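K.L.:
Residue numbers 188 to 433, in our numbering, belong to the letters of the sequence shown in order. Handing you a structure now.
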Amino acid sequence: MAPTDYSALKDEILSLIANKKHGNVVKKLLGGFKKLVPDEYDAMGEIFKAIIEADVEQFNDKIYKGFMFMASARYGPKLVDFEKHFIKKFCELPGEEFKVISEGWLQDGNSEITGMLYISNFRIIASGKKEIKQARLSGMGLEFIRLGSYAVHKSVSDSIAKSMAVDMEAANILNYGHIYPFKDNYDIEEKKIKKGVIKYKVDVPFTDKKGKEKVSDMNITVIVKKGPKMDKHIAKVAEILKKNSK
Numbered sequence: 188m189a190p191t192d193y194s195a196l197k198d199e200i201l202s203l204i205a206n207k208k209h210g211n212v213v214k215k216l217l218g219g220f221k222k223l224v225p226d227e228y229d230a231m232g233e234i235f236k237a238i239i240e241a242d243v244e245q246f247n248d249k250i251y252k253g254f255m256f257m258a259s260a261r262y263g264p265k266l267v268d269f270e271k272h273f274i275k276k277f278c279e280l281p282g283e284e285f286k287v288i289s290e291g292w293l294q295d296g297n298s299e300i301t302g303m304l305y306i307s308n309f310r311i312i313a314s315g316k317k318e319i320k321q322a323r324l325s326g327m328g329l330e331f332i333r334l335g336s337y338a339v340h341k342s343v344s345d346s347i348a349k350s351m352a353v354d355m356e357a358a359n360i361l362n363y364g365h366i367y368p369f370k371d372n373y374d375i376e377e378k379k380i381k382k383g384v385i386k387y388k389v390d391v392p393f394t395d396k397k398g399k400e401k402v403s404d405m406n407i408t409v410i411v412k413k414g415p416k417m418d419k420h421i422a423k424v425a426e427i428l429k430k431n432s433k
């Protein structure tokens with residue numbers, strides 16, 4: 188089997204991105220992923236980075252969902268291995284350290300993400316399949332969710348950038364996965380912490396569809412998958428949240 192020419196693959200994919208052919212992009216990514224080996228993670232990572240930088244809205248709203256749905260079913264363990272490498276190599280922010288990397292779930296009041304949780308001293312990246320549930324939000328929270336994934340990503344990235352000690356613009360945050368803030372969080376709930384569950388709230392400023400500045404209170408539930416490291420991981424999540432609470 189001939190090796191993949193990742194430079195040619197990137198050029199081909201960027202051409203498809205320019206023409207808004209997101210379905211073909213997903214197919215090309217899956218084709219490249221089929222033969223992917225660890226020594227080629229950097230090359231594939233450069234492709235993901237290029238897609239996000241070329242059209243983050245198309246990536247968030249179209250490509251990521253389709254790719255994750257099919258890649259997790261076909262290449263589960265390899266996808267997780269690549270993703271860990273990609274997030275640390277391409278997404279890690281100045282001064283950021285991922286304290287917890289675990290299988291699990293994240294619920295935000297409107298949806299549930301099943302897959303991997305990457306929790307650092309700055310943010311949570313939840314990666315995997317996203318299932319929309321019946322909204323349990325009202326008012327500003329529901330309005331915020333209805334903005335669309337790109338607008339939500341931008342608002343969250345702005346919030347994270349402003350919370351960092353270093354001079355960071357939201358545009359410099361590579362928007363991969365579903366990103367959640369926790370700086371100045373409140374109402375931490377630990378009733379089910381022994382089952383790997385912790386909840387918190389955080390306010391996220393956003394601009395509504397009419398251009399008006401508002402603030403949404405996000406209700407976030409973090410669930411760490413049961414296993415030998417569950418207690419250690421959920422305790423670390425609680426420690427991070429309390430360190431960043433109001």
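For glycine and all other residues, C-beta sits at the position ideal for the given N, C-alpha and C. Computed from a prediction, not measured in an experiment: that's the story for all the values here.
1. Would you mind giving the Cβ-Cβ distance between S298 and E318, rounded to the nearest angstrom? I have them listed as a contact below 8 angstroms.
2. Judging by CA-CA distance, which residue of K276, Y373, I288 and S314 is the nearest neighbour of Q143?
3. To the nearest angstrom, how far is it from the Cα of K381 to the Cα of V212?
4. Excluding five sequence neighbours on each side, which residues of the same chain lie with their C-beta closer than 6 angstroms to the C-beta of K341?
5. Where Y373 and K276 are concerned, what is the direct C-alpha to C-alpha distance, given to the nearest angstrom?
6. Within 10 Å of its beta-carbon, does V402 have 16 or more other beta-carbons around it, so buried, or fewer, so exposed?
7. Is K430 a contact residue of the ligand FMN, with contact defined as CB to any heavy atom under 7 angstroms?
8. So, is S139 buried or exposed, given that buried needs 16 or more other C-beta atoms within 10 angstroms?
9. Under a three-way DSSP split, which group does V402 fall into?
10. What does G291 pair with, by DSSP beta-bridge criteria?
11. Considering only C-alpha positions, which residue in the set F220, A230 and L203 is nearest to Y193?
12. Which of the three DSSP states, helix, strand or coil, is assigned to D418?
13. Hey, how far is the Cα of N206 from the Cα of K316?
P.N.:
Reading it off the structure:
1. 6 angstroms
2. The chain is shown only over 188 to 433; residue 143 falls outside these bounds and no answer can be derived.
3. 42 angstroms
4. none
5. 31 angstroms
6. exposed
7. As for the ligand FMN, it is missing from this structure, which has no ligand bound.
8. In this structure the chain extends from 188 to 433, so residue 139 is not present and cannot be described.
9. strand
10. G302 and V411
11. A230
12. helix
13. 26 angstroms
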